[in-house]
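K.L.:
First the structure, then my questions, so here it is.
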Amino acid sequence: MWFSWISLAIFSFSCILIIRAISSTRSRPYNTQLPPSPSSLPIIGNLHQILNDMPHKCFANLAKIHGPIMTLQLGQMTTIVISSPDAASELIHKNDIAISSRSVPDAVRTLRHHELSVVWLPANPQWKDLRRICSTELFTSRRLDANEGLRAHKVRELIAYVSECCDSQKVVDIGRVVFTTTLNLLSNTIFSVDFVKLDSDSESSEFKDLVKKIMEEAASSNPSDFFPCLRVMDPLGRRRRMKAYFKKLHAIFDDNIDRRLLQDASRHNDLLDTLLHSEEESSRIDRHTMKSLFSDLFAAGSDTSSITVEWAMAELIRNPKVMARARAEIATVIEPKKVVVESDIERLHYLQAVVKETLRLHPPAAFLLPRKAESRIALGQYIIPEGARVVVNVWAIGRDPRVWADPEEFRPERFLEEEIDFKCRNFKLIPFGAGRRICPGIPLASRMVHLVLASLLQRFEWKLEDGVEPENMDMSEIFGITVARALPLRAVPVVPSD
Ligand code: HEM
């Protein structure tokens, strides 16, 4: 696939590109201050060096040779790759404004999504309004406390489903059930309704498929992202497909909005109510922007959270002593026969360390989300040119032996010994990003991930299907906007022997 589109690009546009390459070489002053770079080929630059399925690993290997601030020429796009906590801190702390725009994938440039979306807008007043709505209307403790009951109900359903599997010794596809639960946790936070059924084994659920497809399309390699001059052609049809997915998703949102408008004035404690009835002028947004915001929340919040739970469960099953310690803590902190609730999380210190350790080794967004330099940025002894795409390889930082002792070991204890949080006082652990574009969903993600994980551990022990031994578990990854498990985690819940 890679080779076919590159051939197409070279064949169709070689003349234009050669002329552009020559003129840009002429007009670019000899700039020895660009960060170091592997040697590159004409037209495609370094694309041939990243032609594999695991760009996060490939970038990490290149950074070992060229350093923590590295340039890659990916087609026409100058890409700067940051691979150390110090460089990330200097980039984001000192240049927060200059680096707070996004490099927008061509696939999302449809139905004006990139002009309305809190994820893809540049850091302009419109983006600030949307961020403010997220932080004041959705993610404050007061708001989250108000709809805690809805989430608790969804988690009870998950546990009831797992109990049935436990009774019949049926295998649970942990990623699938947790993704479904996360979608429903979000749909209840936004619309007070379920969007997906938990007990259906079929992946045919339209909503779930749409969210997955949107994530896949936005993350998949696209010639137009390396050669913007190809945008007009949409060579792999990504924008066309994305438009169809967004239209279907918006139709589902329209149905829910229309239904709510027809209902009497009875209030729900959800985001839709707030947006429709807010007395604050600044919290009212038009319907199209509302639908873009909902699309963003589902895309940014569901897969990231469920993947975190799935990786955490995989690591716990692979490390039985860690699993035993996490379960023992839950048994000590939560009274027998009581279920875990969100307010218990702050007392589950070891569980919090398990989640941090999971996010260190398996950050769902290995490169965060791509930024764009709005102006020329001085970084150390180098210059990042205006317009460059900038990615921070948090996956590489999480596994760097200069940053973490025994980085490949899953050892949550390290977070009990050293106080590190996600608030970016320390750039060793930034799975939610940093600076003004930091993930606004941390408070909700934190509640969902800890609650679901604690609930799965409290009631059950877990063993792998078909007698697979924990030490032989396949832990390989697949790369996308999120880095997921290549093989779904399938495990059998058993009644604890204790
Ligand atoms: C474990 C779960 C999650 C992880 C690891 C995660 C990670 C991230 C990362 C890395 C970014 C980009 C930050 C940057 O550029 O510096 C981001 C942005 C974002 N996240 Fe999350 N996220 C999670 C959960 C959520 C949830 C639950 C929501 C909401 C329901 C959410 C909503 C967003 C939004 C709206 C943005 C875009 C912010 C902007 O561009 O201004 N995320 N997230």
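Under mature numbering (1 follows the signal peptide of the UniProt record, and there is no 0), the letters of the sequence shown match residues -21 to -1, 1 to 477, in that order.
All residues carry an ideal CB built from backbone N, CA and C; glycine is no exception.
Predicted model only: the values in this text are computed from it and were never measured.
1. Is it the case that the CB of CYS37 approaches a heavy atom of the ligand HEM more closely than 6 Å?
2. Out of LYS43, PHE406, ASN451, ALA278, which has the shortest C-alpha to C-alpha gap to LYS187?
3. In chain order, what are the residue ranges of uninterrupted alpha helix (DSSP H) at least 4 long that sit wholly in the region 329 to 384?
4. Under 7 Å Cβ to Cβ from THR161, same chain only, skipping five residues before and after it: list those, please.
5. Would you tell me roughly how many angstroms separate the C-alpha atoms of SER476 and ASP152, rounded to the nearest one?
6. Could you check what DSSP says for GLU260 in three-state terms: helix, strand or coil?
7. Are ASP75 and GLY414 closer than 7 Å when you measure CB to CB?
8. Which residues does DSSP pair with GLN52 in a beta bridge?
9. Could you round the C-beta distance between SER80 and ARG350 to whole angstroms and report it? I think they count as a contact, below 8 Å.
10. Less than 7 Å between the beta carbons of ASN126 and THR168, yes or no?
11. Once DSSP output is grouped into helix, strand and coil, what is the label at SER434?
12. Starting from VAL190, trace the beta strand (DSSP E) in both directions and tell me its first and last residue.
13. Between which two residues does the beta strand (DSSP E) carrying GLU440 extend?
14. Is PRO472 helix, strand or coil by DSSP?
15. Heavy atom of the ligand HEM less than 6 Å from the Cβ of ARG469, yes or no?
16. Is the region 398 to 411 touching the region 340 to 350 in the sense that three or more CB pairs, one from each, lie closer than 8 Å?
17. Just checking my contact of ILE356 with ALA77 at CB under 8 Å: how many whole Å lie between their CB atoms?
18. With burial defined as no fewer than 16 other Cβ atoms inside 10 Å of the residue's Cβ, what is the status of ASP275: buried or exposed?
19. From the DSSP output, in three-state form, read off GLU143 for me.
20. Is it true that the region 138 to 151 meets the region 462 to 475, where meeting means three or more beta-carbon pairs spaced less than 8 Å apart?
21. Between the C-alpha atoms of PHE38 and PHE401, what's the straight-line distance to the nearest angstrom?
22. Can you tell me the Cα-Cα spacing of GLN437 and ASP323, whole angstroms?
23. Given a cut-off of 7 Å, decide if LEU90 and PHE225 are closer than it, judged by their beta-carbon atoms.
24. Less than 7 Å between the beta carbons of residue 479 and PHE273, yes or no?
P.N.:
This is what the structure gives:
1. Locating residue 37 in the sequence shown gives position 58, where the first residue counts as 1. The nearest non-hydrogen atom of the ligand HEM is 6 Å or more from the C-beta of CYS37.
2. Working through the sequence shown from its first residue, we reach residue 187 at position 208. For the residues LYS43, PHE406, ASN451, ALA278, the minimum Cα distance to LYS187 belongs to ALA278.
3. Inside the region 329 to 384, DSSP marks whole alpha helix (DSSP H) runs of 4 or more residues at positions 373 to 377, from first to last along the chain.
4. On the sequence shown, position 182 is the one that residue 161 refers to. Excluding sequence neighbours, THR161 sits near SER281, SER284, SER285, MET427.
5. Here residue 476 is taken as the residue at index 497 of the sequence shown, counted from 1. Here residue 152 is taken as the residue at index 173 of the sequence shown, counted from 1. The C-alpha of SER476 lies about 23 Å from the C-alpha of ASP152.
6. Stepping through the sequence shown from its first residue, residue 260 is reached at position 281. It is helical.
7. Residue 75 sits at position 96 when you count from the first residue of the sequence shown. Residue 414 sits at position 435 when you count from the first residue of the sequence shown. In this structure, ASP75 places its C-beta atom within 7 Å of the C-beta atom of GLY414.
8. Translated into positions along the sequence shown, residue 52 becomes position 73. Residue pairing by DSSP puts GLN52 in a beta bridge opposite THR57.
9. Here the question's residue 80 lines up with position 101 in the sequence shown. Here the question's residue 350 lines up with position 371 in the sequence shown. Correct: roughly 7 Å between the Cβ atoms.
10. The residue given as residue 126 occupies position 147 in the sequence shown. The residue given as residue 168 occupies position 189 in the sequence shown. Less than 7 Å separates the beta-carbon of ASN126 from that of THR168.
11. Counted from its first residue, the sequence shown places residue 434 at position 455. The answer is helix: DSSP assigns SER434 an H, G or I state.
12. Taking the sequence shown and counting its residues from 1, the one referred to as residue 190 is at position 211. Segment 185 to 198 is the alpha helix (DSSP H) holding VAL190; no beta strand (DSSP E) there.
13. Residue numbering aside, residue 440 sits at position 461 when the sequence shown is read from its first letter. Here the beta strand (DSSP E) through GLU440 covers 440 to 443.
14. As a first step, residue 472 must be located in the sequence shown, where it is residue number 493. It is a strand residue.
15. Against the sequence shown, residue 469 aligns to sequence position 490. No, since every heavy atom of the ligand HEM falls outside the 6 Å radius drawn around the Cβ of ARG469.
16. Yes, they touch.
17. Taking the first residue of the sequence shown as position 1, residue 356 is located at position 377. Taking the first residue of the sequence shown as position 1, residue 77 is located at position 98. Yes, ILE356 and ALA77 are in contact; Cβ-Cβ is about 5 Å, under 8 Å.
18. Here residue 275 is taken as the residue at index 296 of the sequence shown, counted from 1. Looking at its Cβ environment, which holds 16 or more other Cβ atoms inside 10 Å, ASP275 is buried.
19. Looking up residue 143 in the sequence shown gives position 164. In the displayed model, GLU143 falls within a helix according to three-state DSSP.
20. The region 138 to 151 vs the region 462 to 475: in contact.
21. Counting from one through the sequence shown, the residue named residue 38 turns up at place 59. Counting from one through the sequence shown, the residue named residue 401 turns up at place 422. Rounded to whole angstroms, PHE38 to PHE401 spans 24 Å at the Cα level.
22. Locating residue 437 in the sequence shown gives position 458, counting from the first residue. Locating residue 323 in the sequence shown gives position 344, counting from the first residue. The C-alpha of GLN437 lies about 12 Å from the C-alpha of ASP323.
23. Your numbering for residue 225 matches position 246 in the sequence shown. Your numbering for residue 90 matches position 111 in the sequence shown. Taking 7 Å as the Cβ cut-off, PHE225 and LEU90 qualify as a contacting pair.
24. Nothing can be reported for residue 479, as the shown portion of the chain is limited to -21 through 477.
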